[in-house]
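Enquirer:
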Amino acid sequence: SGVFVWVAPEALEGLPNGSLPRSGIEVQALDHGYATNFKKRTGKDAEWFTTNGDIFAVGKSTMKPFPPLSPNGSRSFPRANHSNGHGEWNHYYVRAINGEVRLWVNGYEVSGGSECKPSQGYLCLEAEGSPIHFRNIRIRELP
10 SGVFVWVAPE
20 ALEGLPNGSL
30 PRSGIEVQAL
40 DHGYATNFKK
50 RTGKDAEWFT
60 TNGDIFAVGK
70 STMKPFPPLS
80 PNGSRSFPRA
90 NHSNGHGEWN
100 HYYVRAINGE
110 VRLWVNGYEV
120 SGGSECKPSQ
130 GYLCLEAEGS
140 PIHFRNIRIR
150 ELP
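Under our numbering, the first residue of the sequence shown is numbered 10, with each subsequent residue one higher.
(1) Are residue 62 and residue 114 closer than 8 Å when you measure CB to CB?
(2) Whose CA, out of 56, 28 and 96, lies closest to the CA of residue 83?
(3) DSSP three-state label for residue 45, please.
(4) Go through its chain and collect everything with a Cβ distance to residue 73's Cβ below 7 Å, but skip five positions before and after it.
(5) What's the C-alpha gap between residue 12 and residue 48?
(6) How close, in whole Å, do the beta carbons of residue 137 and residue 10 come, if the pair is a contact with beta carbons under 8 Å?
(7) Report yes if the CB atom of residue 119 is closer than 8 Å to the CB atom of residue 91, and no otherwise.
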């Protein structure tokens, strides 16, 4: 779950209900229990994702992720874990401007990427397989 930025219009055309956009930059927001459930379901550690604010390109989109990187180098992993636990609100501040996206979680900058393509498009909220709640969403167009 999370937020997609810079989703191209064609990535949404004809998209079946319940499907993810075919491109964009995803700012992931996962409950800490997701990693535990992943291990129970697969028997493997969650080495390729975290629950603290990964950022990564999806589909045809591209991005140069800021370190630290996921094992395959495609994701910007958070520099520190500042996400609150299950049942607690998290404050995500996402700044996407001029092909660069940065994420702050609860006041701390944790991850990001540059050279994002495309660097314009739709903002999409995502619920991936389980309920997620958003509140106090503020959107501001930046120069």
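Each residue gets a CB set at the ideal place from its N, CA and C atoms; glycine is no exception.
Expert: Looking at the atomic coordinates:
(1) yes
(2) 56
(3) Helix.
(4) These residues qualify, in order along the chain: 122, 123 and 124.
(5) 24 Å
(6) 5 Å
(7) yes
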